[in-house]
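Everything in the sequence shown is counted per UniProt numbering, starting at 1 for the first residue and increasing by one.
Take a look at the structure below.
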Amino acid sequence: MTTEHVKKAKHVKTQAFTDQKPGTSGLRKKVKQFQQPGYLENFVQAVFNTIAPCKGKKLVVGGDGRFYNREAIQVIIRMAVANGFSHILVGQGGILSTPAASCVIRKNQACGGIILSASHNPGGPDEDFGIKFNGENGGPAPEKLTDAIFQQTLSMEQYLSIDADDIELDQLATLQIEQCQIDIIDPVSDYADLMESMFDFSAMKSLLAKGDFRLCFDAMHAVNGPYAKEILEKRLGAPAGAVINGVPLTDFGGGHPDPNLVHAHELVDLVYGEDGFDFGAASDGDGDRNMVLGKAFYINPCDSLAILTANANLIPAYAKGIAGVARSMPTSRAVDRVAEALNIPCFETPTGWKFFGNLLDAGKITLCGEESFGTGSDHIREKDGLWAVLFWLNLIAVKKQPVSEIVRNHWMQYGRDYFTRHDYEAVDSANAHEMINQLKAKIATLSGQEFAGVKVTSADDFQYIDPVDNSKTTAQGVRIYLENGGRIVFRLSGTGTQGATLRVYLDCYQKDPALLEQETQQALGELIQVAESVAGIKQFTGRTKPDVIT
Ligand code: G16
C-alpha cells in the first residue's frame, strides 16, 4: 500500500474485522454492520490490496440503489483515488444493475468493478447491504480471489483515502480528482444497446403492437425499473405503465425484491386474475434474477433454462449454435436432457454464478442457469434478469405460441422434471449445521436404506473440480438419489444475513404424458416425506413447514 503517486492520499488506521468472509455472492451483512467505522473501508482496501497495483487502472462502481448505496459509493471513490486508480466509471445516481455493471466492465476493459447489492434481500436502515468485486471479465471474483480478499481483511491495519467532498452523482459528467478521471455514466444505455444487438426487436415490437398481447414487468421498486422502461416501453413499444413499481427506492417500497410467487404478488395477481395478462415477469434487487409467468402459468427456473436451451437457435445471438450449457448442482436435470438431445456438453457446478465464469471464458458453455431464478449466457458474466425476459418474449414472438403451450410442448417432448425448493430461514445456526453434519456422517451408509418407503440408491457431498483450472471446491451440498428417480439436496445458503437458511431441493422426473400436469408439491409429496425422514428437518429447525417454497 503506497501513497507516493497520489498527493493527497492519507493512511487511516483501522482494526481488522474477523467476519468479512464473502459468501455465495460477495459480503452481505446488515446495514448497521456496514456502518461501523472502518467496516466498508476495510473490505474495499482488502479488495484493492488483492488486485494491486491499482495505479493507472480503470474501475467500475455502482449498485442497486438500496439504503447506504450512495454513502458507500462516496467512500469507495475516495479510496479508489487514494489507491491510484486513474479512471472510475460510476453509474448515474450510483445505479448499476449487476448485469449492467458486468456489461460496462467488459465494454470499457476495466480491471473490474465494485457492485453494491444484497440482491433479493430487503433494504433499509435495519435491513441488508452487500458488496462484491467483479473481475475484468465482468464476472464475480472466483473463490481464489475471494479467499485472498478475506485473508487481507484479517490483518487490515490501515486503509487509504483522501480528503475530498462528496461528488455529485446525479448528473452525467466527467470530473477530475487528483490523477483520477471520474465519469458519471448513463447506467442504462450500454446494457440496452447490448440487448438490442442480441434479440429480434422487430419481431418483439410486432408482438407488442398487436394489442392483444398484454405484458407486465414488475421491477419491485428495485434497480431494473429504468432498464425495463427503456427497453420494454421505449425501445419495444410496450404501453406506458407496462412496467410497474418502476422507480428504484432505497427500501424497495418496504418489500422483499425477490422475484418469486410469494414476493411478486402484485404481478401474480395480474397474470392469474380474471382476464389475466399474457406475460408477466419480475426481477430482483440488483436485476440479475428473473421470474417469468404466462397467463395463469408459472415457469420453474429449471424448466426455463431447459426451454431456452432447446430453442436458442431461434434467437439471433445464438442462431449459430451453442457450445454447451451448465447448471448449478441443485438445479433440476431438465437441461441435461436437452443437452443430450442437442449433443452438447452439460456441466454441473456448485451454487454461485462465479463457478460459471471459467466455463464461459473458455467458450465451453454459452448458456447457464440456476434454480434460484438465475439464467444467463456468454454475453456478460452475470446472470441477467431482463435478458431472460427478452429471450422469452423473442421466443413467443417467433413461435407465435403462448408461454403455457411452449412449456407444455417441451414437457411432451422431454418429459417433466418436477422441482421445488423449501427454505427454512433464520434458523438457529448451530442446529442447522448439526443437521448437515449428521447427514454427512451417514452418507456412506445411506445407500440401500429405505426412508418413508423409498430406497436410497446413492448419496454424496457434492464436490467440483473446475475443468478449466482444476481448482477443487468441496462440501457443496448433500445429494441423495432415490430409487424412484428422485433426488434430494440439502445445503445451507451462503447469502443469508441472519442465523442459517436451510435449503432443501427436491426434484423428480416424470415422462408419462398423463402425469405432466400435477401440482408440484403433490407430485413431490413422497420426496418431501423422505427428506423429513432422512434429515429430521422439523426436529433441527423447530419448524413445521418451510418459510418459503419456490
Ligand atoms: C446468489 C448467487 C447465486 C445463488 C444464489 C443463492 O444470487 O449469485 O449463484 O444461486 O445467491 O445462493 P445461496 O443458496 O447460497 O443463498 P443473488 O441473486 O443473491 O446474487
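Beta carbons: idealized from backbone N, C-alpha and C, even for Gly.
- The ligand G16 has a heavy atom closer than 7 Å to the beta-carbon of R289.
- In this structure, the CA atom of I185 is about 6 Å from the CA atom of V90.
- If you look at Y272, you'll find it in the alpha helix (DSSP H) that goes 265 to 272.
- Contact annotation: Y418 and A296 have beta-carbon atoms that are not nearer than 8 Å.
- Within the DSSP secondary-structure output, A281 pairs in a beta bridge with F217, V292.
- In terms of Cβ geometry, A282 and D218 form a close pair [threshold 8 Å].
- Note: P140 is bridge-paired with N134 in the DSSP secondary-structure output.
- Of Q518, G494, Q510, K511, the smallest CA-CA separation from R503 is found for G494.
- Residue pairing by DSSP puts A173 in a beta bridge opposite I184.
- Taking all protein chains shown into account, Q152 has 16 or more neighbouring C-beta atoms within 10 Å of its C-beta and is therefore buried.
- At least 8 Å separates the beta-carbon of Y298 from that of L270.
- With respect to E127, V75 sits apart: the two C-beta atoms are not nearer than 8 Å.
- Using a Cβ-Cβ distance cut-off of 8 Å, the stretch 365 to 377 and the stretch 169 to 183 are not in contact, since fewer than three pairs of beta carbons, one from each stretch, lie closer than that value.
- For Q413, the enclosing alpha helix (DSSP H) has its first and last residue at 403 to 414.
- In the DSSP assignment, R491 falls within the beta strand (DSSP E) that extends over 487 to 492.
- In this structure A110 is in contact with K58, their Cβ atoms being roughly 4 Å apart against a cut-off of 8 Å.
- Taken through DSSP and simplified to helix, strand or coil, R543 comes out as coil.
- R487 and E348 have their C-alpha atoms spaced approximately 15 Å apart.
- Residues of the same chain with a CB within less than 7 Å of the CB of D460, apart from the 5 flanking positions on each side, are I443, R479 in chain order.
- Nearest to I396 by alpha-carbon distance, out of A452, S202, P125, is S202.
- Ranking W392, F462, R327 by CA distance to the CA of V489 puts F462 first.
- For R333, the secondary structure class from DSSP, reduced to helix, strand or coil, is coil.
- Nearest to D428 by alpha-carbon distance, out of F356, I537, A514, is I537.
- Using a Cβ distance threshold of 8 Å, I105 and G63 do not count as a contacting pair.
- Not one heavy atom of the ligand G16 is found less than 7 Å from the C-beta of H422.
- DSSP places S377 inside the beta strand (DSSP E), whose first and last residues are 374 to 377.
- In the structure shown, the three-state DSSP call for R66 is coil.
- If you look at D163, you'll find it isn't in any alpha helix (DSSP H); DSSP assigns it neither H nor E.
- When the Cα atoms are used, H263 and P53 turn out to be separated by approximately 43 Å.
- DSSP places L524 in the coil class of the three-state scheme, outside both helix and strand.
- Scanning K205, Y191, D303, Q92 for the CA closest to the CA of M412 turns up D303.
- Taking a 10 Å sphere around the C-beta of I380, we find 16 or more other C-beta atoms and assign the residue as buried.
- Your pair T98 and E274 does not check out as a contact, with CB atoms roughly 36 Å apart and the cut at 8 Å.
- The beta carbon of W411 sits no closer than 7 Å to any heavy atom of the ligand G16.
- Contact between the stretch 64 to 71 and the stretch 222 to 241 is present, with at least three C-beta pairs closer than 8 Å.
- Within the DSSP secondary-structure output, E450 pairs in a beta bridge with K455.
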